[in-house]
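Let me begin by presenting the structure, written as structure tokens, before commenting on it.
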């Protein structure tokens, strides 16, 4: 399981372009119309069982994936919808693939190193953009 | 010597099967830590593992500004130490780091900004750092090209003047520290990728690299914008970090017109004139996290619009080069320097955002002490990772930044 971060500019090639986001209502639009809403995280912890650690984890902590991540966006200068997309953080390209969603969720319990490897695998198998 | 192709830090070396300390990231913080470990603590069996070439990341992409006029009492001493070290390092490394002690001018465009700056100034003065308030007229005396009229979007009310700051040649710092560290015995392995960290019984055991396994008891990750992804990917430790691309550019060379580092929060722009005459300028970060390090027309337009408002003589001047690097931002705009907590023998240094260059000398000095003695120096104690779960955020930012809902 090889873990790798950092892009390889040579492989980006003609994919160098500005961000576009596909809003479920308005369609594909310029990324500057949107506000980034953070990594998709587990549900907000219940008030009853909440600890400083679980709250901190929910509020502050990120995985900072260099690759495909599921994330929230808000169509600020548009219809006002909050929605999630998958995006490759090394290319700024949206990855449209519902299957990936399931695989990413399956991997949340797996060990982290495996998780990082599986991201690549999932993308390759399902023909993602990476 | 002139025709020698051997780098200052020696040729390519074999990766040994074990080292006392493995440093992941051949940037300024990693190299400075290696240098101080060898120089001050007698630990010379060090491997610096760099995926690309040394200085590939933020070390070679920043706008080279140094200063010590940050916001909080806990931050300023660290940056003061870093500032004081430039002349010392130049001497010790026997390498000209080209510290241009020109001073920094932080423009203030509202009464609220003036009020906020007064606090920064008081903090600096309390810590023995020279910093004072000047009005718009005085700013114009320092920089005659400055437009202090009322007819711009954000008229200039005054400035925070910080004479001890300036600019340092960033590549020279990379080369000088690499030279110093390798001369004392550290191995700098370029084009070598760290791929995994193995632990045993809660302790660091070894590091897997693209050139073989290295047994070690101490690992230090200091890989700039890539640190958070590496630390989570290799050890499963999540960090309160967002990684964003930040862009910078230089104009064609001009006659001297800007003899100070100038910055403006309202216009989101900072600039200095390099010793070659180019106006080097940087902007705000991308509005969403990414590792692309791609440049965009958006920021060329932004820089041109902002700069020509308060330096109208720059209208028509061409940008010559444009590049980008990564900033790893924390919610409180203060870094995380920690170690021996989650895993024994694991040390980390990240979350510097765009302050990594100006802090590198001091971080090297104190992280080396931490790694060598296993005892966190007092000056680093506030920068613990656990401050987030303890609700002890450092308040380095007065108004929270708008790049994630976390802030």
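Protein chains in written order, with the working numbering: chain W, -13 to 116; chain F, 82 to 488. Cβ atoms here follow ideal geometry from the backbone N, Cα and C, with glycine treated the same way.
Taking residue 365 (chain F) as the centre and dropping the five residues before and after it, the same chain places the C-beta of 349 closer than 6 Å to its C-beta, in chain order. Interface flag for residue 416 (chain F) against chain W is unset, since no Cβ pair is found closer than 8 Å. Taking a Cβ-Cβ threshold of 9 Å, none of the residues of chain F is close to residue 31 (chain W); the smallest such distance is about 13 Å. Under the three-state reduction of DSSP, residue 73 (chain W) is assigned to strand. Counting only runs of at least 4 residues, the segment 260 to 323 of chain F fully encloses the following alpha helix (DSSP H) elements, listed from N- to C-terminal order: 308 to 316.
Judged by DSSP secondary structure, residue 7 (chain W) falls within the beta strand (DSSP E) whose first and last residues are 6 to 9.
Taking 8 Å as the CB threshold, residue 323 (chain F) lines the interface with chain W. Here residue 281 (chain F) is exposed: its Cβ has fewer than 16 other Cβ atoms, across all protein chains shown, within 10 Å.
DSSP links residue 243 (chain F) through a beta bridge to F:185.
Fully enclosed beta strand (DSSP E) runs of no fewer than 3 residues occupy 342 to 345, 350 to 354 and 360 to 366 of the segment 334 to 381 of chain F, in order along the chain. Between the alpha carbons of residue 307 (chain F) and residue 294 (chain F) lies a distance of about 21 Å. Distance from residue 162 (chain F) to residue 443 (chain F) at the Cβ level is roughly 4 Å; contact confirmed, criterion being Cβ atoms closer than 8 Å. As the crow flies, the alpha-carbon of residue 187 (chain F) is around 6 Å from that of residue 343 (chain F). Taken in chain order, the members of the segment 362 to 387 of chain F whose beta-carbon sits within less than 9 Å of a beta-carbon on chain W are 367, 368, 369, 370, 371, 372, 373, 374, 375, 377, 378 and 379. Residue environment: residue 410 (chain F) is assigned as buried (16 or more neighbouring CB atoms within 10 Å of its CB, all protein chains considered). In this structure, residue 138 (chain F) lies near residue 305 (chain F), with their beta-carbon atoms less than 8 Å apart. By the 16-neighbour rule on beta-carbons within 10 angstroms, residue 98 (chain F) is exposed. The Cβ-Cβ distance between residue 202 (chain F) and residue 213 (chain F) falls below 8 Å.
Residue pairing by DSSP puts residue 59 (chain W) in a beta bridge opposite W:22 and W:69. Taking 7 Å as the Cβ-Cβ cut-off, the segment 158 to 178 of chain F has no residue approaching chain W.
Taking the Cα of residue 114 (chain F) as reference, the smallest distance to any Cα among F:94, F:222, F:224 and F:255 is reached at F:255.
Residue-level contact check: residue 120 (chain F) does not touch chain W, since none of the beta carbons of chain W fall below 8 Å from its beta carbon. The Cβ-Cβ distance between residue 268 (chain F) and residue 128 (chain F) falls below 8 Å.
Listed as beta-bridge partners of residue 213 (chain F) by DSSP are F:242.
Residue 371 (chain F) counts as buried, since at least 16 other C-beta atoms from the protein chains shown sit within 10 angstroms of its C-beta. Secondary structure of residue 441 (chain F) (DSSP, three-state): helix. Scanning the segment 95 to 123 of chain F from its first residue to its last, the whole alpha helix (DSSP H) runs of 4-plus residues come out as 109 to 122. Note on geometry: alpha-carbon atoms of residue 103 (chain F) and residue 326 (chain F) lie some 27 Å from one another. Residue 449 (chain F) is bridged by DSSP to nothing; it lacks a bridge partner. Those residues of the segment 56 to 74 of chain W placed with their C-beta closer than 7 Å to a C-beta in chain F do not exist. Nearest Cα to residue 181 (chain F) within the set F:145, F:225 and F:204: F:145. Contact between the segment 430 to 442 of chain F and the segment 2 to 20 of chain W is not established, with fewer than three Cβ pairs separated by less than 8 Å. Cβ contact annotation for residue 427 (chain F) (same chain, cutoff 6 Å, sequence separation greater than five): 285 and 300, in chain order.
Restricting attention to W:55, W:34 and W:30, the CA atom closest to the CA of residue 43 (chain W) is found in W:30. Residue environment: residue 193 (chain F) is assigned as exposed (fewer than 16 neighbouring CB atoms within 10 Å of its CB, all protein chains considered). If you look at residue 43 (chain W), you'll find it in the alpha helix (DSSP H) that goes 38 to 45.
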